[in-house]
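Same order as they appear, the protein sequences are chains G and F.
For our numbering, count along the first sequence from 1 and bump the result up by 248.
For our numbering, count along the second sequence from 1 and bump the result up by 14.
Where a beta carbon is used, it is the ideal one built from N, C-alpha and C, also for glycine.
None of these values were measured; they are calculated from a predicted model.
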Amino acid sequence: MRDQIERILSSVTKPARYIGNELNSIRKPHDNKIKFALAYPDTYEIGMSNLGLQILYHILNKRPDMLAERFYAPWTDMEEKMRENSLPLFSLESWTPVKDFDIVGFSVQNELTYTNILNMLELAHIPLYRSERDGSCPLIIAGGACTNNPEPLSDFIDAFVIGDGEEVILEIADTYNNCRGIPRSALLGSLSKIEGVYVPGLNGLGKVKRRVVKDINTIDYPTSPIVPFIEIVHDRATIEIMRGCPRRCKFCQAGAVNKPVRMLRPEKVIEIAKETVKNTGFEEVSLVSLSSSDYPHLHEVAAELGRYFAPKRISLSLPSLRADTLNEKLAKEMLSVRQSGFTIAPEAGTQRLRDHICKDLTEEKIINSVRTAVKSGSNRIKLYFMIGLPTETDDDIKGIADLAYTLIKEARSISTRAKIVVNVSTFIPKKNTPFENEKMINLEAIKKKQEYLKENLRHKSMELKWHDRGMSTIEGLLSTGTKETGKILLRAFRSGCKFDNWAEHFDFSRWEAAIAAHTD
Amino acid sequence: MQRIRIKYKKEMKFIGHLDMVRLWERALRRTDLPAAYSEGFNPRQKLSFGPPLPLGFTSECELLDIYFEKWVNPEQTKNLLSSTLPKGIEIIEAGNVFLARASITAEIKTAVYSADVSGDISEKISEVLGSKEIIVQRKEKDFNIRPMIKELSQSGNTVNIAVQCDNFGSIKAQELTGMFKENLTGTFRRIALYCS
């Protein structure tokens, strides 16, 4: 198989996606171990940027009786070659067929990767339906943000992790090991007794208690994450300083389901950051959370890391900073080495709508923070808005344009090089949020609002970006979907849908056909 | 300034030149050696590479110049870097070079490649050596690569070819592999870089 893979690799784009062997990747002998294959259903560059998988990879490989290897969705040229040569999907570390692992775990962070999950199972030569799998197949599990509503995937996945994965992953692996040699149904029965595990058909979703790691300081955090050969989406050291969000924005799934707010101790953040840079050589460290401004030790941590990293030319980035808390001191610490942009998310264009969605930001605060950011050297300001929010009127859409103009005027009065990027996404109701029963606007309405903004946001220093409305519609379909929706998903996959969050692959007409065929 | 000589083995052939640049920047940062940095908004280590190794080729002779802020023992450079490289990259040697010396790309004139082949290719070799023109397409135009081929020979199952590799021109990877396509049994290796 090795020769075959190597031959194929010589004829595909970015072969480095498939070779493994990166610094800090772990290759263990396969004898007598619980073999875990961790998957992200998108390209290497996206999957490798997922922090959760890096943590699980580390936790599993730390155990002497376990091993974890990775695999990602092969790009279409690679898939073609694999199908042509009947080559099954293989892991990066040892080029072992995925179906030879004991447990396959998918990280599901985005509904538009669902077709890729089915495609990867097929490429691994594993039956798609869980009802068609027995003990000779790996146990297929899934975790991540999307298991907030696992139902559309429930015909295809044996067990879902609802909530934090760091502790439960080991319990699942141990349970698997204790159930070796007994029928698959007995294993599933044991799994359904673990807190935070949903086994479709065995324990009702409503009865599953979300798994929560009480103190995130206890997590064995990887300070030697894998350093990729090729450039990935988040090509830097990432440290999660806080889990959960104290804000209560009504649309936000991440904030609603990740409770309570838990923080990494400041000395731990500093220690992990320094250690990670030493072990990886990354030129940038990113402190992430849902709302970093609400991390009470942010200044202290940023100051210490700024001091330590500046002479090493390592830059510090703080995404998810709330606009109202940016001050010049913090801005300087962030920009100590490299120039970077600044992002704020007013979400709505008027105060009325911001109040309605509980986005605790005033226009004055937004303007002040943009001024501060530009004064401190950030010339590229990114604004995030949503259209289609509950109770939205034409005034609110006009408000987006008005606010963007106000901000570009303010920014350009400080620096004529300032640019504003307006990102517009479409509101999608998510389960377990205050807005879960709200309706999503239809394609026509999205189009109308996007066209309005296109007409009314014309400025040489302004750029407008929006989400594809077809993609948003399908994301909405799946995020609020049921078990029945899984049948549409399978139809869409069978008709050729994959890489749905890639503009060059997304084919709305196929999805429309799948929906129509299902309702017939 | 120090010049190091590197081997890229096995799967490392799949790592492109720009990715290699980033790999060395990060490796050097891991060693904490006193690397010299460029000025400006995005300071970077001052590294200077030889002619890019074509994607898909392994090498026994790549060169890299590293600029330091202060004196570093070359053995220390070699040891510290070696301890933090991914499998498949090996430092053969490190040595100090005179700071005013020409850059690697200005010095290198010739690259020697070798590849394993099957069957008798003596006819193919005589044909290449006997011809005045070997026309390939570059930017949709005919281009003669024959003047860039300096030496070509077979020894056993290996073909060796010395080609021009300097600022005035070099042979591209697919032109090289194209010449022996039917007979190739392995990948091309760069085995030497020469200043003449």
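| Item | Value |
| --- | --- |
| For F354 (chain G), which residues in the same chain have their Cβ closer than 7 Å to its Cβ, ignoring the five residues on either side in sequence? | A287, P289, I365 and A390 |
| Taking all protein chains shown into account, do 16 or more other C-beta atoms lie within 10 angstroms of the C-beta of Q188 (chain F), making it buried, or fewer, making it exposed? | exposed |
| Using the Cβ count rule (16 or more neighbours within 10 Å means buried), how would you classify T143 (chain F)? | The sequence as given places Leu at residue 143 (chain F); Thr does not occur at that position. By the 10 Å Cβ count, L143 (chain F) comes out exposed. |
| Here's a check: name, in chain order, each residue in its chain whose Cβ is nearer than 8 Å to the Cβ of Q587 (chain G), leaving out the five neighbours to either side. | Annotation note: pLDDT 48 at Q587 (chain G) (below 50); position unreliable, coordinate value reported separately. Correct list, in chain order: G625, S626 and N627. |
| Going by alpha carbons, who is nearest to S663 (chain G) out of G:T674, G:C427 and G:K623? | G:K623 |
| Can you find a CB in chain G that lies within less than 8 Å of the CB of D33 (chain F)? | yes |
| For a cutoff of 8 Å on Cβ pairs, would you count K138 (chain F) as touching chain G? | no |
| Rounded C-beta distance between K27 (chain F) and T201 (chain F)? I'm assuming under 8 Å. | 6 Å |
| CB T471 (chain G) to CB N527 (chain G), shorter than 8 Å? | yes |
| List the DSSP bridge partners of D130 (chain F). | F:T172 |
| Going by alpha carbons, who is nearest to L726 (chain G) out of G:P677, G:K695 and G:K708? | G:P677 |
| Would you say R152 (chain F) reaches chain A, if we count a Cβ-Cβ gap shorter than 8 Å as a contact? | No chain A is present in this structure, whose protein chains are G and F. |
| Identify whether L512 (chain G) lies in helix, strand or coil by the three-state DSSP scheme. | coil |
| For D406 (chain G) versus I430 (chain G), is the C-beta spacing smaller than 8 Å? | no |
| Check whether the Cβ of A41 (chain F) lies closer than 8 Å to any Cβ atom in chain G. | yes |
| Would a check of beta-carbon distances place A316 (chain G) closer than 8 Å to chain F? | no |
| According to the Cβ coordinates, are A108 (chain F) and T91 (chain F) closer than 8 Å? | yes |
| Quick check on E205 (chain G): does DSSP put it in helix, strand or coil? | What is shown of chain G runs 249 to 768, which leaves residue 205 (chain G) out entirely. |
| In terms of residues, what are the limits of the beta strand (DSSP E) holding P431 (chain G)? | Element bounds for P431 (chain G): n/a, residue is neither H nor E. |
| Drop a sphere of 10 angstroms on the beta-carbon of G729 (chain G), count the other beta-carbons inside from all chains shown, and report buried for 16 or more, exposed for fewer. | buried |
| Establish whether the CB of E189 (chain F) and some CB of chain G are separated by less than 8 Å. | no |
| Assign V173 (chain F) to buried or exposed, taking buried as 16 or more other Cβ atoms, counted over all protein chains shown, within 10 Å of its Cβ. | buried |
| Only counting runs of 4 or more residues, tell me where the alpha helix (DSSP H) segments fall wholly within the segment 679 to 740 of chain G, in order along the chain. | 691 to 704 and 717 to 727 |
| Nearest-angstrom Cα distance between E414 (chain G) and A659 (chain G)? | 43 Å |
| Cβ of T471 (chain G) less than 8 Å from any chain F Cβ? | no |
| Are the CB atoms of K329 (chain G) and P336 (chain G) within a distance shorter than 8 Å? | no |
| Output needed in chain order: residues of the segment 672 to 695 of chain G with a Cβ under 8 Å from some Cβ in chain F. | none |
| 8 Å is my cut-off, CB to CB: does E270 (chain G) come that close to chain F? | yes |
| Mapping DSSP to helix, strand and coil, what is Q587 (chain G)? | For Q587 (chain G), the pLDDT reaches just 48, beneath the cut-off of 50, and the residue's location in the model is therefore unreliable, although a value from the coordinates is still provided. Correct three-state label for Q587 (chain G): coil. |
| Report, in whole angstroms, the separation of the C-beta atoms of L271 (chain G) and P100 (chain F), which I expect to be a contact under 8 Å. | 5 Å |
| Closer than 6 Å by C-beta to H373 (chain G): which residues in its own chain qualify, once you throw out the five before and the five after it? Chain order, please. | P336 and K347 |
| Give the DSSP-derived three-state secondary structure of K630 (chain G) in the structure shown. | strand |
| Mind pulling the chain F residues with CB within less than 7 Å of P263 (chain G)? | F28 |
| Mapping DSSP to helix, strand and coil, what is D156 (chain F)? | strand |
| Do three or more CB pairs link the segment 631 to 642 of chain G to the segment 601 to 618 of chain G at distances below 8 Å? | yes |
| In angstroms with no decimal places, state the Cα-to-Cα distance between P57 (chain F) and P567 (chain G). | 22 Å |
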